[in-house]
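One line per chain: the protein sequences are A and B, in this order.
Here the first sequence is numbered in the working numbering, starting from 17 and rising by one per residue.
Here the second sequence is numbered in the working numbering, starting from 17 and rising by one per residue.
Have a look at the structure below before the remarks.
There are 2 protein chains.
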Amino acid sequence: MQVELITIGDELLLGFTIDTNAAHISRTLAGAGVEIVRRTTVGDEPGKIASAVREALDRTGAVITTGGLGPTSDDLTKPAIAKIFGRRMKLDEGIASALEQRWRSRFPNSNYPATNRTQAEIPEGARILTNRHGTAPGIWLEDEKGRWVAMIPGVPREMRGMLAEEVLPAIKSRSEGTESVVLSGTLRTTGIAESAIAELLGPNFLGEPGTELGSLPLAFLPGVAGVDLRVTAKGLPRAQAEKLIKKAILKLRSRVSAYAYGEDDADLAAVVLEKLRSLGLKLAVAESCTGGMLGERITSVPGSSDVFLGGIIAYHNDVKVKALGVRAEDIERYGAVSEQVALQMASGVRERMAADVGVSVTGIAGPGGGTPDKPVGLVWISVHGSDAKARRFQVGGDRAEIRQRAAQAALEMVRRALSNG
Amino acid sequence: MQVELITIGDELLLGFTIDTNAAHISRTLAGAGVEIVRRTTVGDEPGKIASAVREALDRTGAVITTGGLGPTSDDLTKPAIAKIFGRRMKLDEGIASALEQRWRSRFPNSNYPATNRTQAEIPEGARILTNRHGTAPGIWLEDEKGRWVAMIPGVPREMRGMLAEEVLPAIKSRSEGTESVVLSGTLRTTGIAESAIAELLGPNFLGEPGTELGSLPLAFLPGVAGVDLRVTAKGLPRAQAEKLIKKAILKLRSRVSAYAYGEDDADLAAVVLEKLRSLGLKLAVAESCTGGMLGERITSVPGSSDVFLGGIIAYHNDVKVKALGVRAEDIERYGAVSEQVALQMASGVRERMAADVGVSVTGIAGPGGGTPDKPVGLVWISVHGSDAKARRFQVGGDRAEIRQRAAQAALEMVRRALSNG
């Protein structure tokens, strides 16, 4: 089934809000075999909303809109779309009293403006989509030919709830019998550049064009976490798509196994924690240039507390000396960003926190502080577990990217240390 | 001047990539008085790309496309759009040799496929937009009526560079004489709920509808950092728009000054660091539930090292006792998430790192670990500077949001402590 998505809002068009809703809706629907074939964003103007919806209906007959429903947005979406369907607006008493209640709780000392009641009007013959996470209800409008528009709120939490609870079941019930799906599989790698992976795989790695596997598009997706390899199957029955994707991921994994840490949404921090847990080991971190980011990544995983003890953010050199036991003369001699200091930071935090594994990061995140000898992006990472290792990295990007890549590289060094021994 | 934006890519439509490019382009162009009036996203299919571009040209005569230009994307965009303009594709020798060079460096042992040369074809009469940050060049195509399409890459760094260096100057040169701009101003607040701000301001705070200030739309934008108040002026000459926005922000500030920490892109961590710097004070952090996020926020600001010493991530209670000197019996008696423990964490890190100001966070981030007495979202924060304070917060959201709100609340407590004394 093909659907078009229309996201409504001046904030989106002006670029103040990044359209994360759109990605969420696409992924959720793809999982149910529904393909978003076009996405349109328009501002809060009834004429523009109406023409975008009319065009989309002409192309696919199935449209989801987000935004423009709430009490502060002048409620532009509903009347604009009702007009396309030739429906009049009529007052819904239930919605009206909910809106009035909300107003009175916000402005207890003001008179309720009668004009507000127009916000409680819905198109004749529309089905109300319940909003369990906010006040503005959604609307499902459909004509006699089966062409439909689902209007849902733009507030992410309300949108997600209504999509799952109201829209998805409605779409599923009408797409029964439709068999083809859009399915993707991702192999996540880190510690290897996109060009190096491309060379490792060579051209047409999955198969010659025209063959079953070879016709699946393979995307290289480089990011701060590493390079994701994504294979997508389109327009196939679900069972066949699943089989093909699985086969392709297996084939990719066989070639890049040293760098692959997981599939789909896998988070390297969660992978490392799981490994530590299975080995009964406790972890502590010592961070300089990442300033807490490594700890933050680890503790973003629910349940990390049974494996992760804590850490030292040793941003100033005095803290490296006093809180981690790094020798001041080594900082003086080799610099704070050096193998020696990284090693002492890792062993220091391991010892002082009575951890089994200590990991440290020290580097130059920039934009200032680089020298020809030690340029911005230079990072030393050390892992002290059953033995102590240190490795030098030169990573690219701006300050934020350098720190993210450093944190990811530190997690990867822990993963490999645990895999090897 | 009105422009439409078309972002191209299966990854975007499938929801695997969030369209951050679109927001960047909108904001960059708005600053130059150019308004994006519609945004369309289509997949990597020549037919769909062509119809989206044709429709956009019919509406505005001015279109920017991103994506579908690189060597791995089958180069679909250029021929599809050339066809609309009735132009043939022809080989550009300069681009051809650059592409061949790139291939040979990636696959030194493979034969260069002749079909690759088609990627070096550009539409007749097109202007090449130089790509200083990657290999795929951009294209500016224009017809005799002055209708134009600028095709730029989808890779964010390449897109940003080409937009600033090539596209913006071209647009500016043709919009000279056009006077009206789209301009926004934002007042950032924290520590107050959206409904409380709405009540504080009351209806029509900026002025009755129809008056100069009252006709500026005022948006309430709640997020984990707090509630942003954004005022937008559209279709006015730049000087007048600037004056109105300034007036509106001043008026808003006068009413919500206690909660306002900055304007536009202001980051609370940077505001706090600046305040510490001007007072000659050094900061240290002690984090439990935020696990390093507070340190990460602070060190994300370049130059933070002259004010920020470091911190202790005291995730496990043993670390709270050993590394911060929290009394074990107080943890036992009051719990790790308590006023007593927060106070001891802040004074402990202040003393041990020889800082002037210590700030601590301890809370229940969930999803597990809540009790009726101490529910998920309960956070105690303490600031120890010239004196010691602690405050209890109950914040909402999922694990990530609770942690982000806790880090922001901690920074705000430091800001207020510094403002008052």
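We put the CB at the ideal spot given by N, CA and C, even for glycine.
Predicted model only: the values in this text are computed from it and were never measured.
query, result
"Other residues of its chain near B:I22: CB distance less than 8 Å, five sequence neighbours each side excluded", "R55, T56, T57, V58, I65, A68, V69, A72, V79, I80, T81 and T82"
"Whole-angstrom distance between B:L179 and B:G47, CA atom to CA atom", "13 Å"
"Per-residue DSSP class, three states only, for B:M105", "strand"
"Neighbouring residues, chain B, relative to A:A416 (Cβ below 7 Å)", "S316"
"Under 8 Å from the C-beta of A:K310: neighbouring residues of chain B", "The residue you asked about is not Lys; residue 310 of chain A is Leu in the sequence shown. What A:L310 touches in chain B: G308."
"Contact between the region 250-262 of chain B and the region 277-288 of chain B (3+ Cβ pairs under 8 Å)", "no"
"Members of the region 409-435 of chain A that neighbour chain B once the beta carbon cut-off is set at 8 Å", "R415, A416 and R419"
"As assigned by DSSP and simplified to three states, the class of B:E258", "helix"
"Short CB-CB distance (under 9 Å) between B:S196 and chain A", "no"
"Straight-line Cα distance separating B:G327 from A:A404", "24 Å"
"A:R431 classed as buried or exposed, judged by whether at least 16 other C-beta atoms fall within 10 angstroms", "buried"
"Cα-Cα separation, A:E51 to B:L29", "9 Å"
"Any C-beta of chain A under 9 Å from that of B:G326", "yes"
"Cutoff 9 Å: A:T378 Cβ touching any chain E Cβ", "Annotation note: the requested chain E is absent from the structure, which comprises protein chains A and B."
"Three-pair Cβ contact test at 8 Å for the region 159-174 of chain A versus the region 213-226 of chain A", "no"
"Within-9 Å CB hit, A:T82 to chain B", "no"
"Helix, strand or coil at B:K291 [DSSP, three-state]", "helix"
"Sequence-distant residues of its chain with Cβ nearer than 7 Å to B:M369 (five each side left out)", "A300, L325 and G326"
"With 16 other Cβ atoms within 10 Å as the buried cut-off, status of B:A426", "buried"
"Cβ neighbours of A:I41 in the same chain (closer than 8 Å, five flanking residues each side left out)", "L21, I52, I80, T82, M175 and L179"
"C-beta neighbour in chain B for A:Y275, strict 9 Å", "no"
"Neighbour flag for B:A48 against chain A, beta carbons, 9 Å", "no"
"DSSP three-state assignment for A:D26, whether helix, strand or coil", "helix"
"Runs of beta strand (DSSP E) wholly within the region 262-336 of chain B (minimum 3 residues, chain order)", "276-279, 299-303 and 324-330"
"Members of the region 335-367 of chain A that neighbour chain B once the beta carbon cut-off is set at 9 Å", "V335, K336, K338 and A339"
"Residue nearest to B:A114 in terms of C-alpha spacing, selected from B:K94, B:Q135 and B:A98", "B:Q135"
"C-alpha distance - B:Q18 paired with B:A142, whole-angstrom precision", "22 Å"
"Three-state secondary structure assigned by DSSP to A:T205", "strand"
"Residues bridged to B:S398 [DSSP beta-bridge criterion]", "B:S376 and B:A406"
"CA nearest to the CA of B:I155, picked from B:H149, B:I138 and B:G170", "B:I138"
"Cα-Cα separation between B:L310 and B:V171, rounded to whole angstroms", "31 Å"
"Residues of the region 54-77 of chain B with Cβ closer than 8 Å to any Cβ of chain A, in chain order", "R54, R55, T56, T57, V58, G59, K64, A68 and E71"
"Coarse secondary structure for B:E51, derived from DSSP in three states", "strand"
"Uninterrupted alpha helix (DSSP H) stretches inside the region 169-256 of chain A (no shorter than 4 residues)", "172-178, 184-190 and 210-217"
"Extent of the continuous alpha helix (DSSP H) run through A:I365", "A quick correction: the sequence has Val, not Ile, at residue 365 of chain A. That run of the alpha helix (DSSP H) goes E355 to R368."
"Neighbour-count burial assignment, A:A303, 16 or more Cβ in a 10 Å radius", "Correcting the residue identity first, residue 303 of chain A is Glu in this sequence and not Ala. The residue is buried, with at least 16 neighbouring Cβ atoms inside 10 Å."
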